[in-house]
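Participant: Sharing a structure below in structure tokens format, with a few things to ask.
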Amino acid sequence: MRLFNITAWLLCAFHGLLAVELTDFKLAVSMLTPQLSKDATVTFPWDPRWEELQVRGSSPRISPNYSLVVEAAIESDVETTVKVANLFNIPFLAKSGGHGWTKSLNNLPHGIQINMRKLNTTTFREGGKTATVGGGTMQYEITRSLFALGKYAGEFEPLAHRFRRCVSVAGPLLGGGHSLLQNQYGYAVDGLVSARVVVASGETIEASRTKNTDLFWALQGAGHNFGILTSLEVKVYDIPSDWTVYSLIYSTEKIEALFTLINKFEDPYFDRSTKLALTGVFVRIPAVDPNNPVVAYTVAYEGSEAEAEPYAARFKALEPISTTVYTDVNYVELYTVTGNNLSSQACTQNENILGAGVSLPAWDIQGVRKAFAIFAEITADPRFNSSITLLENYGMQGLGALVGWRQ
């Protein structure tokens, strides 16, 4: 009875619909604070750090109506906060990277933010095949920690939201998690070995393929809805080589030819290396074209320039406006070379970010042309001229082979 068991773990989302009496909230705080660890922090709206803790990638458009922030320092802080919140019928929301942008996040009257950022550890486990990652760890933190050991958790470099380094580890993983390395190692969630999950009761449950298997199965499908992950055990891999990256810029006239070529790389009969990733954006670059958007495209290959060139040559043959080649790019540098480091446009916060995505088996060439025209019209307005449209083709042929039941 898989569904029956899962129901018992669901977080009580309906709490957010109920008003909280001020007297109850004060009593809840007085009960909560003494039970927290010495390194946990409780912040109120009148405290100096309050505004800092409200900032999100999508704020101020998305601004949950918190009345309290609890910065959890250890797992028991999360447990205690959930238990007290349940006791007084107070809604709560866990926050790590802060890149959720759905309007439903605003439906949190007088709620508690459970801030996970202090749970930001990365521990390489004995044996060399997995690492334990805290539930508040960010992408750049796990990358730096593992890179120093010659390792990466390849699944945890999600590019699907163009936030790259500035998102958390847990958030994208629970949504599946596209990445530059998905063709080699699968989606981010395929690298999940086990997780410690604070469920609706405030208890912590360990979920894996051998313990609480129904919950583990649920985390792999709709994981954000079943609890708060305080830590994750994930697969790690030896870094085999540096990268070669080709950065190309195409004018609007090249759209049909470019996307016809990209579609060929997605053909299941095309001999595409699992080490190849294709990404790009519609973007305005006034220095390149002051009047029209362009397509900035990246051909990234985990290997030498000699290995990458046969693939890149087909894109260079389309005569882009410019081509820049970066060789011997290590995994940390890859963020900067591809324009996805912490100082990139995509990692700015408090700028009302809004986005939506769609997955397609192939690009509809006429549809791409129409989308480009719409993008050009919208971004001609100065209010929206820093917008981008993501174009992501990481390769899919390895995903089904790694997980037999996936179609």
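Those letters in the sequence shown? Residues -19 to -1, 1 to 388, per mature numbering (1 follows the signal peptide of the UniProt record, and there is no 0), in order.
Where a beta carbon is used, it is the ideal one built from N, C-alpha and C, also for glycine.
Rounded to whole angstroms, what's the CA-CA distance from Leu34 to Ile302? Just pull it up for me.
Facilitator: Between Leu34 and Ile302, the C-alpha separation is close to 43 Å.
Participant: Beta-carbon separation of Lys71 and Tyr133 under 7 Å?
Facilitator: First, the amino acid is wrong: residue 71 is Ile here, not Lys. Not in contact: Ile71 and Tyr133 (Cβ atoms no closer than 7 Å).
Participant: Using a threshold of 7 Å, state whether the C-beta atoms of Val50 and Thr83 are closer than that.
Facilitator: It is not a contact, given that the beta carbons lie outside the stated cut-off.
Participant: Output the residue ranges of the alpha helix (DSSP H) runs that lie fully inside the stretch 35 to 68 and measure 4 residues or longer, sorted by chain position.
Facilitator: Whole alpha helix (DSSP H) segments, 4+ residues: 56 to 68.
Participant: Starting from Leu8, follow the alpha helix (DSSP H) in both directions and report where the run begins and ends.
Facilitator: Looking at the DSSP string, the run of the alpha helix (DSSP H) that includes Leu8 is Leu3 to Leu13.
Participant: Near residue 392, what residues of its chain come up, given a Cβ to Cβ distance below 6 Å and the 5 sequence neighbours on each side ignored?
Facilitator: What is shown of the chain runs -19 to 388, which leaves residue 392 out entirely.
Participant: Contact between the stretch 196 to 216 and the stretch 150 to 158: three or more CB pairs below 8 Å?
Facilitator: Counting Cβ pairs under 8 Å, three or more are found: they touch.
Participant: Hey, is Thr225 close to the ligand GDP, as in C-beta under 6 Å from one of its heavy atoms?
Facilitator: Judged by which ligands are present, the structure shown has none, so any question about the ligand GDP falls away.
Participant: Between the stretch 170 to 177 and the stretch 260 to 270, are three or more C-beta pairs nearer than 8 Å?
Facilitator: The stretch 170 to 177, when compared against the stretch 260 to 270, does not touch it at the 8 Å Cβ threshold.
Participant: Please report the residue range of the alpha helix (DSSP H) in which Lys76 lies.
Facilitator: Run containing Lys76: none in the alpha helix (DSSP H); it sits in the beta strand (DSSP E), Phe73 to Lys76.
Participant: Output the distance between the C-alpha atoms of Gly116 and Gln165, rounded to the nearest integer angstrom.
Facilitator: Answer to the nearest angstrom: the Cα atoms are 25 Å apart.
Participant: Is Leu259 helix, strand or coil when you go by DSSP?
Facilitator: Three-state result, Leu259: strand.
Participant: Counting pairs of Cβ atoms below 8 Å between the stretch 79 to 95 and the stretch 40 to 48, do you hit three or more?
Facilitator: Yes: the two stretches touch, three or more of their Cβ pairs being nearer than 8 Å.
Participant: By DSSP, does Ala287 sit in helix, in strand, or in coil?
Facilitator: Reduced to three states, the DSSP call for Ala287 is helix.
Participant: Less than 7 Å between the beta carbons of residue 475 and Phe356, yes or no?
Facilitator: The question about residue 475 has no answer here: the residues shown for the chain are numbered -19 through 388.
Participant: State the Cα-Cα distance for the pair Thr104 and Arg98, rounded to the nearest angstrom.
Facilitator: Distance between the alpha carbons of Thr104 and Arg98 is about 16 Å.
Participant: Pull up the distance between the alpha-carbon of Ile369 and that of Asp270, whole angstroms please.
Facilitator: Whole-angstrom Cα-Cα distance: 15 Å.
Participant: Near Thr62, which residues of its chain fall below 6 Å by C-beta distance, leaving aside the five closest residues on each side in sequence?
Facilitator: Contacts found: Val51 and Ile95.
Participant: Please classify Ala169: does DSSP put it in a helix, a strand, or coil?
Facilitator: Reduced to three states, the DSSP call for Ala169 is helix.
Participant: So what does DSSP say about Leu154, is it helix, strand or coil?
Facilitator: Note: Leu154 maps to helix in three-state DSSP.
Participant: Grouping DSSP H, G and I as helix and E and B as strand, with all else coil, what is Glu247?
Facilitator: Reduced to three states, the DSSP call for Glu247 is helix.
Participant: Does the distance from the C-beta atom of Ile93 to that of Phe73 stay below 7 Å?
Facilitator: Yes, Cβ-Cβ distance for Ile93 and Phe73 is below 7 Å.
Participant: When DSSP builds the beta bridges, which residues end up paired with Ser175?
Facilitator: DSSP output for Ser175 lists Ser189 and Glu214 as bridge partner(s).
Participant: Could you have a look at Phe105 and say whether DSSP puts it in helix, strand or coil?
Facilitator: Correct three-state label for Phe105: strand.
Participant: Where Leu371 and Asp5 are concerned, what is the direct C-alpha to C-alpha distance, given to the nearest angstrom?
Facilitator: In a straight line, the C-alpha of Leu371 is about 46 Å away from that of Asp5.
Participant: Are at least three pairs of beta-carbons, each pair with one atom in the stretch 292 to 310 and one in the stretch 225 to 238, less than 8 Å apart?
Facilitator: Yes, since at least three Cβ pairs between the stretch 292 to 310 and the stretch 225 to 238 fall closer than 8 Å, the two stretches touch.
Participant: For Asp223, which of helix, strand or coil comes out of DSSP?
Facilitator: DSSP places Asp223 in coil when its eight states are reduced to three.
Participant: Quick one: give me the first and last residue of the alpha helix (DSSP H) that Tyr121 is part of.
Facilitator: Gln120 to Phe128 is the span of the alpha helix (DSSP H), which, as asked, contains Tyr121.
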